[in-house]
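Data block below; observations after.
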């Protein structure tokens with residue numbers, strides 16, 4: 113029973129396409145995140161939601177739009193995909209508050225051709 | 287602002303030898319510090335964390351880390367490396383309520399038989 117699950121695991125697409133990545137957590141956490149890991153393994157936060165409200169929005173192109181239909185789900189929609197969007201995208205969740213452990217999904221490897 | 291510096295992007299140790307992975311942080315307020323491990327094609331898993339209290343923190347798989355405020359360090363150690371410890375290790379810091387976790391650039395640990 114996976115705690116944080118994201119789909120798809122692999123996503124290969126052409127430049128200019130629109131794609132979505134879905135994330136669900138069954139831990140009852142209030143806070144969910146999207147992280148981007150580049151080819152050098154550098155991990156950077158993109159967004160954070162707490163109880164369906166956007167809390168953190170880093171300097172991310174507005175082609176990226178997160179959506180949280182309920183606190184157990186945080187999806188990521190990407191418009192007009194570019195080569196530079198190729199990366200591994202991780203969803204994570206945690207209890208509310210500082211110093212809480214992050215639970216990560218297994219990642220979605222996005223390849224834009 | 288908060289930041290993390292991991293010294294050494296690659297570390298090689300012999301099986302049975304001491305593992306030492308270095309992490310220095312910068313924070314204007316008392317930090318919460320973490321070590322996460324990432325195995326190939328997986329998400330990150332928490333090894334250990336420091337919030338308050340005892341500065342020597344023990345984690346899973348025999349790892350421990352010591353918070354040294356005077357040195358702004360949180361180095362990760364393990365007395366005896368196992369082959370299964372080969373992975374990427376990330377140090378991370380956060381300070382805020384709705385936590386924005388900042389990750390270091392990672393250290394790839396290689397264990398030589």
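Residue numbers (my numbering), protein chains in the order written: chain R, 113 to 225; chain A, 287 to 399. Beta carbons are placed, not taken as given, at the ideal position from N, Cα and C, and that holds for glycine.
Beta carbon proximity, residue i to chain R, threshold 8 Å
i, result
"residue 271 of chain A", "This structure gives no information on residue 271 of chain A, because the portion of chain A shown stretches from 287 to 399."
"residue 234 of chain A", "Residue 234 of chain A is absent from the structure shown; chain A starts at 287 and stops at 399."
"residue 330 of chain A", "yes"
"residue 349 of chain A", "no"
"residue 374 of chain A", "yes"
"residue 311 of chain A", "no"
"residue 360 of chain A", "no"
"residue 318 of chain A", "yes"
"residue 355 of chain A", "no"
"residue 305 of chain A", "no"
C-beta neighbour in chain A for residue i, strict 8 Å
i, result
"residue 148 of chain R", "no"
"residue 210 of chain R", "yes"
"residue 134 of chain R", "no"
"residue 217 of chain R", "yes"
"residue 214 of chain R", "yes"
Cross-strand partners of residue i (DSSP beta bridge)
i, result
"residue 124 of chain R", "R:223"
"residue 178 of chain R", "R:188"
"residue 129 of chain R", "DSSP output for residue 129 of chain R lists no bridge partner at all."
"residue 206 of chain R", "R:143"
"residue 330 of chain A", "A:324"
"residue 119 of chain R", "R:134"
"residue 306 of chain A", "A:363"
For residue i, the nearest candidate out of the options (CA to CA)
i, options, result
"residue 183 of chain R", "R:135, R:223, R:197 and R:191", "R:135"
"residue 364 of chain A", "A:292, A:301 and A:288", "A:301"
"residue 168 of chain R", "R:157, R:177, R:175 and R:176", "R:157"
"residue 368 of chain A", "A:382, A:387 and A:347", "A:347"
"residue 305 of chain A", "A:355, A:357, A:370 and A:358", "A:370"
"residue 376 of chain A", "A:299, A:287 and A:319", "A:319"
"residue 191 of chain R", "R:130, R:207 and R:148", "R:130"
"residue 118 of chain R", "R:224, R:199 and R:216", "R:216"
"residue 356 of chain A", "A:316, A:297, A:303 and A:295", "A:316"
8 Å Cβ cutoff, residue i in contact with chain B
i, result
"residue 337 of chain A", "No chain B appears in the structure shown, which is made up of the protein chains R and A."
Which residues, taken in chain order from the segment 152-182 of chain R, show a beta carbon closer than 7 Å to some beta carbon of chain A? 153, 154, 155, 157, 160, 162, 167 and 168
Does the structure place the segment 205-218 of chain R close enough to the segment 331-350 of chain A that three or more beta carbon pairs sit under 8 Å? yes
Closer than 8 Å is the cut-off here; do at least three beta carbon pairs connect the segment 301-313 of chain A with the segment 322-331 of chain A? With a cut-off of 8 Å, the segment 322-331 of chain A and the segment 301-313 of chain A do not count as touching, because too few Cβ pairs lie within range.
Counting beta carbon pairs with one atom in the segment 122-140 of chain R and one in the segment 182-198 of chain R, are three or more of them shorter than 8 Å? As far as the Cβ criterion goes, the segment 182-198 of chain R touches the segment 122-140 of chain R, which means the pair count is three or higher.
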